[in-house]
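The structure appears below as structure tokens.
Protein chains: 2
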Amino acid sequence: MLPFWANWCNRTMLGEIIAIGNELTSGRITNTTSGFAAHHLFEAGFDIYAMHTIGDTPTLIGEALKRALKRVDFVLVTGGLGPTDDDLTTEAVSEALNRPTMPNLELLSLIRKHLEENSDQPVGSLDKLAWLPEGAETLNPGSKMAGFQLIHRDKPIFFLPGIPHQMRTLLVEQVLPRLATWYQGRQQTNYQRIYKIFGKTEQEINLQIEQIDLGEDVTIGYYPVFPDVHLSVIIRGDDQKTTLTLAEKAFLLIENHLGAFIYGRDQETMASVLGKLLTKQQKTFSVAESCTGGLISHLMTSVAGSSSYYLGGVTSYANSMKETYLGVEPTLLEQVGAVSPEVAKTMAQGMRSKSKADISISITGIAGPGGGTTEKPVGTVFIGLAYDGTTDVQHFLFSGNRYEIQHETAQTALNLVRNYLLTK
Amino acid sequence: MLPFWANWCNRTMLGEIIAIGNELTSGRITNTTSGFAAHHLFEAGFDIYAMHTIGDTPTLIGEALKRALKRVDFVLVTGGLGPTDDDLTTEAVSEALNRPTMPNLELLSLIRKHLEENSDQPVGSLDKLAWLPEGAETLNPGSKMAGFQLIHRDKPIFFLPGIPHQMRTLLVEQVLPRLATWYQGRQQTNYQRIYKIFGKTEQEINLQIEQIDLGEDVTIGYYPVFPDVHLSVIIRGDDQKTTLTLAEKAFLLIENHLGAFIYGRDQETMASVLGKLLTKQQKTFSVAESCTGGLISHLMTSVAGSSSYYLGGVTSYANSMKETYLGVEPTLLEQVGAVSPEVAKTMAQGMRSKSKADISISITGIAGPGGGTTEKPVGTVFIGLAYDGTTDVQHFLFSGNRYEIQHETAQTALNLVRNYLLTK
């Protein structure tokens, strides 16, 4: 059986990604850069044949690079370019490809200049950064970020730093344009859309999608991304116009079929979608949290521009905070306990009236691991929603660890507000 | 040149990790499971030779598995075991290793029983889960989690689901004990410690460490993990007692040398370390946030048991919230603006007096991308610290995007409280 892209392989350019660092193979750091690169390369019409993570070991680096050069059209190498002793990539590449390192004069003068301004730094360790394999071209002349390109036997190899934000900047600003120029017209047309779904399992969505006839050019993938499920829809073809028509048809079918269970797509988050709805309906919003401990507020304010609809919130972790800031009576807390529909209701009402928001929600529950009882086990959560003259309270029982219960609660609460705004 | 472990290769057992899924090679999902596995395997005394990420492509899966079996002692494969059409791992393994799939009767009866209880689910798609390659042994009999083990030519191969929490559970509860038994006495002794450092760059730490003589058995790694730098210290040896003595000596030297710049180690976070200090000194804490938007509160309450010292906080995103909940005068806001030392001071004092916490902090600043001016550019942040009769305010200018400014601010604020508690 051939790989799924075998029938395209004269057309789609293939790449491999090699991430280097003992911090990755010892599992101390999660490799996020390879996935980021794969995502952007894929969207630019390239396929990733494989991604590898290996330690700071010259022979392994050389082997991986040489194997990749035999079977793919370009290689992206990240990590091991820094000034410290465990950064061995440049050396390994020089050895593997028979290209002796030589000083890059421009880099050298940049480093010398930097050192004059910061006289407490040692010269030697930074000088290392200026020695690159023969034929290397720096990716970002004049910048302090390491990173270079080699064209080896007509195939581009890109070397980027492992530091995520530097790697991302160089990938987007330097690698993608250079690759696109190099392989101009040899990429396929790809349309990919991710639908973000909350409130249905992977299998429930699979069953629903199987009922639609999407045709052969549409590839569907189901991915549980806690607390959501992501549905990936990919349409590929040679001709841009035909592919686009196919894609639009498929997207429409899927959207009609899954309806409001799709809360967003691609880069959207529940908080950004809710933000758009609030902006459109000119409503303000505030949040009284307890067991989510600020998470909902944090999610809302992760969205740039959220200050135009999000007023803020109170995290009333201690009961005294519920009394002082939200107007919950001590006697009520004594009678029914902090985790109760009555307290959820008062919290939402108190938050709304004092903050003068149009809509307020309240959360009270037990995120665990401690604090559960037989009557109110860990995962018990009450969510209150106050708007106009009404306050609704819903009871939930979530499962999982503390992290999972907090995130499931936050997503559920934001989704309640979203559904309220969609139906009013 | 030989790989760095070549001189141990008769002793240290080597493994490879293969993660499968188009969602990974297309970059839609970040692979977190391989790193988790590497970390735990490393701590258990095994070395990871390489980690690979490949698509749901049977030939590639087979190739990667066969290559790994030639050069390492065990293989861990994750992903592609689910019920949907794009889950192809079992099939690929069966083909590559010449082991026809056969139904596992126990699994089959478990699935049938599950289906009787959930009659709306289709039989066929789940039945697939019960067909395993010849010789496979399920890892967790009686559970709904997929996962099996194959011993192929005397080498164990483990197949785990790609869903992170299932994979983690099976790795820790099933794979590690099975591997330890299989290769009993053939692992080396490893001691690893991660020091978490805030307020120094990778290179500054490198320079300081180079001044200490740690000896040849100590391997040091420097890793910027925004906003921290992590320092990894590994000591390896054959004899447990000698290695432990060496490790303890190295740890002590490093700790003395870097002092309070080390805020924690291994699994500790700034919030968990601060929590321990607050508990020890029997102090309560509350937070008035603005540009961090609930992040600090979220970090504090991510720690289990935080309710014993963390009272809660106010996210006063809108100016009206600063007035209502924190007692900031409207005239003050008009005169000096919300992002000012005066407002930071009033916020911290208002938070402390109303919440009755022993210590309160306040944050006001501009996280961007909008809102910056020449006088107060994006990244301008004031942090107030109120305790006893005093309120200190500090001025910062952080750089980066919204995410980075919010996280750098949060870490700086928590570190200020930590330093205050350390010196009092």
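Chain order of the listed sequences is Z and P. For what it's worth, this note's numbering labels the leading residue of the first sequence as 1080, then goes sequentially. For what it's worth, this note's numbering labels the leading residue of the second sequence as 1080, then goes sequentially. Every residue, glycine too, gets a C-beta built ideally from N, C-alpha and C.
Quick check: the region 1094-1109 of chain P against the region 1148-1167 of chain P, are there 3 or more CB pairs under 8 angstroms?
Because the criterion of three Cβ pairs below 8 angstroms is met, the region 1094-1109 of chain P and the region 1148-1167 of chain P touch.
Three-state secondary structure (DSSP) at Z/Val-1304?
Reduced to three states, the DSSP call for Z/Val-1304 is strand.
What runs of the beta strand (DSSP E), each 3 residues or longer, lie entirely inside the region 1210-1287 of chain P? 1210-1212, 1227-1231, 1234-1239, 1268-1276
If distances are taken between C-alpha atoms only, which option among P/Glu-1413, P/Lys-1275, P/Ser-1432 comes closest to P/Ala-1350?
P/Lys-1275
Based on the DSSP output, what are the partners of Z/His-1119 in its beta bridges? According to DSSP, Z/His-1119 bridges with nothing at all.
Start and end of the beta strand (DSSP E) containing P/Tyr-1342?
Per DSSP, P/Tyr-1342 belongs to the beta strand (DSSP E) from 1341-1344.
To the nearest angstrom, how far is the alpha carbon of P/Leu-1378 from that of P/Gln-1473?
21 angstroms
- Residue interval of the alpha helix (DSSP H) (run including Z/Thr-1410): 1409-1415
- Query: Could you give the residue range of the beta strand (DSSP E) that holds Z/Gly-1392?
  - Reply: 1389-1395
> Assuming Z/Thr-1104 and P/Ile-1127 make a contact with CB atoms under 8 angstroms, what is their CB distance in whole Å?
Replying inline: 5 angstroms
Where does the unbroken alpha helix (DSSP H) through P/Gly-1354 begin, and where does it stop? 1349-1359
Requested in this report: Kindly list, in the order they appear in chain P, the residues whose Cβ is closer than 9 angstroms to that of Z/Ile-1236.
Outcome: Here the premise fails: no neighbours, minimum Cβ distance about 19 angstroms.
_Does the CB of Z/Phe-1153 have a neighbour CB from chain P at under 8 angstroms?_
no
Q: Give the DSSP-derived three-state secondary structure of Z/Phe-1125 in the structure shown.
A: coil
How about P/Thr-1136 and P/Gly-1241: are their beta carbons less than 8 angstroms apart?
Result no, Cβ atoms of P/Thr-1136 and P/Gly-1241 do not sit closer than 8 angstroms.
Continuous beta strand (DSSP E) assignments of at least 3 residues falling wholly in the region 1401-1482 of chain P:
1438-1444, 1459-1466, 1469-1476
Margin query: Using the three-state DSSP reduction, which class does P/Thr-1363 fall into: helix, strand or coil?
Written below: coil
Measuring straight from C-alpha to C-alpha, what distance separates Z/Leu-1405 and P/Thr-1459? 31 angstroms
task: Measure the C-alpha to C-alpha separation of Z/Gly-1444 and Z/Asn-1398 and round it to an integer number of angstroms.
output: 12 angstroms
Practice item. Indicate whether the contact test is met: 3 or more Cβ pairs, each with one atom in the region 1382-1396 of chain P and one in the region 1365-1372 of chain P, closer than 8 angstroms. Key: yes
If you draw a straight line from the C-alpha of P/Ile-1462 to the C-alpha of P/Asp-1471, how long is it? 8 angstroms
Q) So who's on the other strand from P/Ile-1133, going by DSSP bridges? A) P/Ile-1099
Quick one: any contact between the region 1337-1347 of chain P and the region 1408-1418 of chain P, if contact means 3 or more CB pairs under 8 angstroms? no
Have a look at P/Gly-1100 and P/Glu-1195 and give me their C-alpha separation to the nearest angstrom. 30 angstroms
### Query
So, helix, strand or coil for P/Val-1154, using DSSP?
strand
Please indicate yes or no: does the CB of Z/Gly-1429 lie closer than 7 angstroms to some heavy atom of the ligand MG? Among the ligands in the structure shown, none appear at all, so the ligand MG cannot be discussed.
If you run the structure through DSSP and keep just helix, strand and coil, what is P/Gly-1106?
coil
**Message:** Which same chain residues end up closer than 7 angstroms to P/Lys-1207 when comparing Cβ atoms and leaving out the 5 residues on each side of it in sequence?
**Reply:** Pro-1162
### Message
Short of 7 angstroms in beta carbon distance, which residues of its chain neighbour Z/Ile-1314, apart from the five on each side in sequence? Order them along the chain.
### Response
Tyr-1270, Asp-1296, Val-1297, Thr-1322, Leu-1325, Ala-1326, Ala-1329
| message | Below 8 angstroms on C-beta distance, what does P/Ile-1242 contact in chain Z? | response | Those are Pro-1303, listed as they occur along chain Z.
Practice item. Output the distance between the C-alpha atoms of Z/Ser-1385 and Z/Asp-1233, rounded to the nearest integer angstrom. Key: 48 angstroms
Under the rule that 16 or more other beta-carbon atoms within 10 Å means buried, what is Z/His-1309, buried or exposed? Flag for Z/His-1309 reads buried.
Quiz prompt | Cα-Cα separation between P/Gly-1416 and Z/Ile-1108, rounded to whole angstroms | solution = 41 angstroms
Answer with yes or no whether the minimum CB distance from Z/Asn-1101 to chain P is below 8 angstroms. yes
Fill in: the region 1106-1120 of chain P: positions lying closer than 9 angstroms to chain Z by Cβ
Gly-1106, Arg-1107, Ile-1108, Thr-1109, Asn-1110, Thr-1111, Ser-1113, Gly-1114, Phe-1115, Ala-1116, Ala-1117, His-1118, His-1119, Leu-1120
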